[in-house]
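For the record, the sequence lines run as chains A and B. All residue numbers for the first sequence refer to our numbering, where the first residue is 1 and numbers rise by one. All residue numbers for the second sequence refer to our numbering, where the first residue is 1001 and numbers rise by one. Even glycine gets a Cβ: it sits at the ideal position worked out from N, Cα and C.
There are 2 protein chains.
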Amino acid sequence: MRGAVLYAPGDVRVEDRADPTIIEPTDAIIKVAAACVCGSDLWPYRGIQPVTEPSPMGHEYVGVVEEVGSAVRTLAPGQFVVGSFFASDNTCEICRAGYQSRCVHAVPVGAIGTQAQYARIPLADGTLVATPATPEPDLIPSLLAASDVLGTGWFAAVAAEAAPGKTVAVVGDGAVGLLGVLAAKQLGAERIVIFSRHADRQKLAIDFGATDVIAERGDAGVAHLKELTGGLGAHSVIEAVGTQESMMQAIGATRPGGHVGYVGVTHGVQLPGMELFFSGVHLHGGPAPVRRFLPELIDLVWKREIDPGKVFDLTLPLEQAAEGYAAMDERRAIKTLLTL
Amino acid sequence: MRGAVLYAPGDVRVEDRADPTIIEPTDAIIKVAAACVCGSDLWPYRGIQPVTEPSPMGHEYVGVVEEVGSAVRTLAPGQFVVGSFFASDNTCEICRAGYQSRCVHAVPVGAIGTQAQYARIPLADGTLVATPATPEPDLIPSLLAASDVLGTGWFAAVAAEAAPGKTVAVVGDGAVGLLGVLAAKQLGAERIVIFSRHADRQKLAIDFGATDVIAERGDAGVAHLKELTGGLGAHSVIEAVGTQESMMQAIGATRPGGHVGYVGVTHGVQLPGMELFFSGVHLHGGPAPVRRFLPELIDLVWKREIDPGKVFDLTLPLEQAAEGYAAMDERRAIKTLLTL
């Protein structure tokens, strides 16, 4: 089969890879219908995260079940499925508490690489959620979004306790931040403020439900937000970047007793204890337990109540994955969908 | 009047200070019935927090209202009151959300100094809670505990979401940690693990409801806790120290999706973003909004359902405050009560 492999920073190649096969009886093989490039794929692409060997890429996917292992009970070949970027058994105590991304048997799908024609998904019963039927083609981008970027934005909004009557601020206008806006809107937030200085992203944020846009960053951004909130800060802040500046901006933008939901994969962040202590905020985040939300998100997409697929502003065939990465890296695209 | 003043690390003196007077119409003057030495008083006493000028000491207090300003509506001279270490209006949006220690008009009582015969308490209506009547003398230590050390341990347990069916671990066997045990017990926790290597503190923790004691610290302590919890860690962890090691121990001891309530005043702590991200814990803490809990805590003490005053294992007259500090510094005492 064909699949994307990262050889070195800036060097993504689509090449022949071995077809996946069932290894564990709980595995399923899926024929990938669509995959995409994640903001977190840019960390190694940019060399910020070291690339020590050629690495299959991709952890977001929708597709059709091709084959199942002997222990798979709930899935059958031919079903269209959406999965999360962590395979999980969905039965352990951590999964049952809603933290499937930290399942005691969790397997990172990123190590398998779903920017490819086929993928082996471990723990298929616990990981994959079938759609009610084969989707109309125009639903595929939104179902694909549920696999990570929507699920992650949704988790951030839940972690930030977005809810009716609340002001939610969103740090980061990438795909996750934008879908954090959509999630906050769905969760009933009264006011949604996006920090963004890019006209196209501002527009999409407003489409998704943002009520205010702040162009400033850092302390100036926090000061502007406080002006909008009677000096207090937001009740809920979604952090979807993962840098020192964005984390401190998120904490600073939150009122005492408020909630920060952070999902930007942190790189080089050190949170100063004293500042955190006196902020009085709640801090929760990490790798989103997307599996927790998949049934609900698939349902919303299926009923066409949300259209998260709008974050894909570049669609390319898998063979042109390299251009898909470059466009995101150079901010020419918010998010690239790869067709197969 | 007489009051304790810190001149330099290790140098606490009881000397004549000016009698406080009403400054703002919302002030009250109280005749202090009992005060005490806080673990946080030891930071400047030990020179870890700089002492730049002679500083009146103390922020925990119970006493009798002596005089009220013209705007005070709910209190009258002669009432016995308990207050928090942050004066708060208890009416602003932050107070109404339960974060009175971050009231938009908050005044730190520590700057006033309650290790003294009298104290001016700002924002008296919002800060002081009257007891149902003049308390029996044996209730005074427990009412005094409510002013900070119990209120802080209670907040930590609430922030850690201690509840029925949960395992709660407590990092720190000082007075706050011990009362965190008491709080977790009251909140219905199923299992309460104290990290402690001091026999007297272990005993008190067990009196307050601890079910298990772990003597190891750091990674070894975390490993031992995981053994007790099926490899997962505690649902809820109370952090009541404030050092890098104790914070990392608390985070490490918490299962993914669990809750850390941290109330040790952090000194020199830098939380590594990556480790925090992948821990998947909820983190909440800071200066405890004791005022939120005072009515409930006073009620529990009044009905003799809890006896938090047992943390005072040394009682001295105010004039011997220096010995009270030294005994805590040298760990000869858990907590010193000062009589007036």
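Self-check item: the segment 1170-1187 of chain B contacting the segment 1146-1156 of chain B, beta-carbon criterion three pairs below 8 angstroms
Solution: yes
Exercise. Go ahead and pull the three-state DSSP assignment for residue 1054 of chain B.
Key: coil
Quiz item: What residues in the segment 1020-1052 of chain B have a beta carbon less than 7 angstroms from any beta carbon of chain C?
Solution: In the structure shown, chain C cannot be found, because the protein chains are A and B.
Exercise. Assign residue 116 of chain A to one of two classes, buried (16 or more other C-beta atoms within 10 Å of its C-beta) or exposed (fewer than that).
Key: buried
Quiz item: In chain order, what residues of the same chain have a beta carbon less than 7 angstroms from the beta carbon of residue 1074 of chain B, not counting five sequence neighbours either side?
Solution: 1125
Quiz item: Cβ of residue 1182 of chain B versus every heavy atom of the ligand NAP: is any distance shorter than 7 angstroms?
Solution: In the structure on display, the ligand NAP does not appear, and there are no ligands present to speak of.
Quiz item: Given a limit of 8 angstroms on CB to CB distance, which residues of the segment 1096-1120 of chain B reach chain A?
Solution: 1097, 1098, 1099, 1101, 1102, 1104
Exercise. Given a cut-off of 8 angstroms, decide if residue 1253 of chain B and residue 1169 of chain B are closer than it, judged by their beta-carbon atoms.
Key: yes
Quiz item: If you run the structure through DSSP and keep just helix, strand and coil, what is residue 1109 of chain B?
Solution: helix
Self-check item: Neighbouring residues, chain A, relative to residue 1255 of chain B (Cβ below 9 angstroms)
Solution: 93, 94, 97, 99, 102
Practice problem: Return the residue from the list A:114, A:107, A:105, A:24 that minimises the CA-CA distance to residue 37 of chain A. | Solution: A:114
Exercise. Would you verify that the beta carbon of residue 246 of chain A is, or is not, closer than 8 angstroms to some beta carbon of chain B?
Key: no
Exercise. May I have the straight-line CA-CA distance separating residue 201 of chain A from residue 299 of chain A, to the nearest angstrom?
Key: 26 angstroms
Quiz item: What residue range is occupied by the uninterrupted alpha helix (DSSP H) comprising residue 131 of chain A?
Solution: From DSSP, residue 131 of chain A is part of no alpha helix (DSSP H); its letter is neither H nor E.
Quiz item: Going by C-alpha distance, which of B:1108, B:1307, B:1327 is nearest residue 1139 of chain B?
Solution: B:1307
Self-check item: Run of the alpha helix (DSSP H) containing residue 249 of chain A, from where it starts to where it stops
Solution: 244-253
Self-check item: Test: residue 265 of chain A CB closer than 8 angstroms to a CB of chain B
Solution: yes
Quiz item: If we call anything under 8 angstroms between Cβ atoms a contact, is residue 1285 of chain B one with residue 1156 of chain B?
Solution: yes
Quiz item: Does any C-beta atom of chain A lie closer than 8 angstroms to the C-beta of residue 1309 of chain B?
Solution: no
Self-check item: Chain-ordered neighbours of residue 269 of chain A on chain B, where CB pairs are closer than 9 angstroms
Solution: 1271, 1272, 1273, 1274, 1276, 1277
Exercise. Helix, strand or coil for residue 272 of chain A, going by three-state DSSP, please let me know.
Key: strand
Quiz item: Looking only at C-alpha atoms, which of B:1192, B:1123, B:1264, B:1095 sits nearest to residue 1174 of chain B?
Solution: B:1264
Quiz item: Below 8 angstroms between beta carbons: does that hold for residue 1217 of chain B and residue 1249 of chain B?
Solution: yes
Practice problem: Determine contact between the segment 101-111 of chain A and the segment 83-92 of chain A, defined as no fewer than three beta-carbon pairs at a distance below 8 angstroms. | Solution: yes
Quiz prompt | As assigned by DSSP and simplified to three states, the class of residue 1092 of chain B | solution = coil
Quiz item: For the putative contact between residue 1017 of chain B and residue 1056 of chain B, defined by C-beta atoms under 8 angstroms, what is the C-beta separation to the nearest angstrom?
Solution: 7 angstroms
Exercise. Take residue 1279 of chain B and list the residues in its own chain whose beta-carbon comes closer than 6 angstroms to its own, dropping the five residues that flank it on each side.
Key: 1251
Quiz prompt | Where residue 70 of chain A falls, given that 16 or more other Cβ within 10 Å makes a residue buried | solution = exposed
Quiz item: chain A partners of residue 1287 of chain B, CB-CB under 9 angstroms?
Solution: 277, 278, 280
Quiz item: At a CB-CB cut-off below 8 angstroms, which residues of chain B make contact with residue 284 of chain A?
Solution: 1281, 1282, 1283
Practice problem: Give every residue of the same chain whose Cβ lies closer than 6 angstroms to the Cβ of residue 12 of chain A, excluding the five residues on either side of it in the sequence, and list them in chain order. | Solution: 4, 6, 321, 322, 325
Exercise. Starting from residue 1235 of chain B, follow the beta strand (DSSP E) in both directions and report where the run begins and ends.
Key: 1234-1239
Quiz item: Distance, Cα to Cα, residue 1191 of chain B vs residue 1165 of chain B?
Solution: 8 angstroms
Quiz item: Hey, how far is the Cα of residue 1183 of chain B from the Cα of residue 1022 of chain B?
Solution: 36 angstroms
Quiz item: Are there 16 or more other CB atoms within 10 angstroms of the CB of residue 137 of chain A, so buried, or fewer, so exposed?
Solution: exposed
Quiz prompt | Listed by chain order, chain A residues near residue 1232 of chain B by CB distance under 7 angstroms | solution = 93, 94
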